[in-house]
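Peer 1:
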Amino acid sequence: MVPIENAASPSGARRLSLRVLPRTFYDRDTEVVARDLLGRILECTRGGVTVRGIISETEAYLGEHDPACHAAVGRTRRTAGLYGPPGTAYVYFIYGMYWCVNAVTRAEGLPSAVLIRGVRPLDGLEDMRKRRHGRRRGAEVADHALADGPGKLCVAFGIDGPTHHGADLVRGATLRILRGAPAADADVRVTARIGISKAKEWPLRWVLKRQTADGGR
DNA sequence: TCAACGATTTTCT
DNA sequence: GAAAATCGTTGAG
């Protein structure tokens with residue numbers, strides 16, 4: 009596919025590939041996939057509208073031995089998706105009002121995934137604003153904050169369980185992850201995961217450092 | 001059947 | 001910084 013200019017970094021002549029990431033990308037250790045997902049492009053097409061964003065924050069959930077992973081309770085109706093093939097979407101409902109989207113990793117039968125916690129809006133900003141605005145009473149949402157949280161990004165991208173749970177990120181038509189431009193090590197920060205009560209200290213969160221005019225740190 | 005809680009976000013004090 | 005909004009999943013009774 010033809011590369012496009014990165015609209016989110018006008019200064020850099022960085023090119024982003026729109027080729028879809030292959031299944032083998034996801035069939036690796038979850039930490040590796042979580043790190044490698046930074047800089048890639050999340051794309052969602054719904055109702056003839058396509059929105060895209062650069063993945064800027066991820067977390068790894070390792071499997072049944074990870075106390076913070078949903079699969080810690082074993083295989084249930086809810087967690088069955090985590091045991092699915094690599095490169096599928098695991099979408100769950102949280103706090104009675106938000107959806108969160110994960111990319112399932114490792115071989116089928118191994119319940120692990122990467123939570124996509126944030127993206128930098130790239131295409132379809134107007135549609136993201138529309139979707140997000142419908143949920144708020146107050147002021148306008150700044151562009152950089154349109155999808156900088158797991159719940160927010162699902163609202164902005166129109167992602168929900170009934171539509172996207174189990175979706176194929178590789179061969180599907182609605183939710184995909186494109187190659188983009190992988191992040192350099194100097195642009196990546198590793199921290200503990202957010203908002204969990206178990207295994208709090210495990211360093212399994214990867215964040216893209218804030219972008220400045222000179223593309224710097 | 002029931003109560004507690006959660007991989008969150010927003011608003012109010 | 002605290003609390004509300006809001007409901008499916010889980011585990012105990």
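For the first sequence, the working numbering begins at 9 and goes up steadily by one.
Heads up, the beta-carbon is just placed ideally off N, CA and C, and yes, glycines get one too.
#1: Just mark Val198 as buried or exposed, buried being the case when its beta carbon has 16 or more other beta carbons within 10 Å.
#2: Are the CB atoms of Gly174 and Ala97 within a distance shorter than 8 Å?
#3: Count the C-beta pairs between the segment 181 to 196 and the segment 47 to 57 that are closer than 8 Å, then say yes if the count reaches three, no if not.
#4: Could you tell me if Ala221 is buried or exposed, where buried requires 16 or more neighbouring beta carbons within 10 angstroms of its beta carbon?
#5: What do you get for Thr32, buried or exposed, if any count of 16 or more other CB atoms within 10 angstroms of its CB means buried?
#6: What does DSSP give as the partner residues of Tyr98 in its beta bridges?
#7: Please report how far the alpha carbon of Gly203 lies from the alpha carbon of Asp131, in whole angstroms.
#8: Nearest CA to the CA of Gly159: which residue from Leu118, Leu212, Leu177 and Met136?
#9: Give me the Cα-Cα distance between Tyr103 and Arg179, rounded to the nearest whole angstrom.
#10: Taking the C-alpha atoms as reference points, what is the distance between Ser25 and Ile62?
#11: Which residue comes first and which comes last in the alpha helix (DSSP H) that contains Glu38?
#12: How far does the alpha helix (DSSP H) with Pro249 in it reach, from first residue to last?
#13: In angstroms, rounded to a whole number, what distance separates the CA positions of Asp176 and Arg140?
#14: Could you work out which residue in Tyr100, Glu39, His172 and Gly56 is closest to Arg85 when comparing CA atoms only?
#15: If you run the structure through DSSP and keep just helix, strand and coil, what is Glu134?
#16: Find the nearest neighbour of Thr66 within the set Asp156, Lys208, Ala164 and Thr182, judged by alpha-carbon distance.
#17: By a C-beta neighbour count over all protein chains shown, 10 Å radius and 16 as the cutoff for buried, is Leu212 buried or exposed?
#18: Report yes if the C-beta distance between Pro119 and Thr171 is below 8 Å; otherwise report no.
#19: Can you tell which of Ser64, Arg27, Asp35 and Val28 has its C-alpha closest to the C-alpha of Asp161?
Peer 2: On the basis of the data shown:
#1: exposed
#2: yes
#3: yes
#4: A caution first: Ala221 carries a pLDDT of 46, below 50, which makes its placement in the model unreliable, though a value can still be read off. It counts as exposed.
#5: exposed
#6: Asn110
#7: 29 Å
#8: Met136
#9: Taking the straight line from one Cα to the other gives about 31 Å.
#10: 12 Å
#11: The identity of residue 38 in the sequence shown is Thr, whereas the question assumes Glu. For Thr38, the uninterrupted alpha helix (DSSP H) segment begins and ends at Thr38 to Asp44.
#12: Outside the shown range of the chain (9 to 225) lies residue 249, about which nothing can therefore be said.
#13: 25 Å
#14: Of Tyr100, Glu39, His172 and Gly56, the residue nearest in Cα terms is Tyr100.
#15: helix
#16: Asp156
#17: Counting the other CB atoms within 10 Å of its CB gives Leu212 a total of 16 or more, which places it among the buried residues.
#18: no
#19: For the sequence presented, residue 161 should be read as Leu rather than Asp. The candidate whose alpha carbon is nearest that of Leu161 is Ser64.
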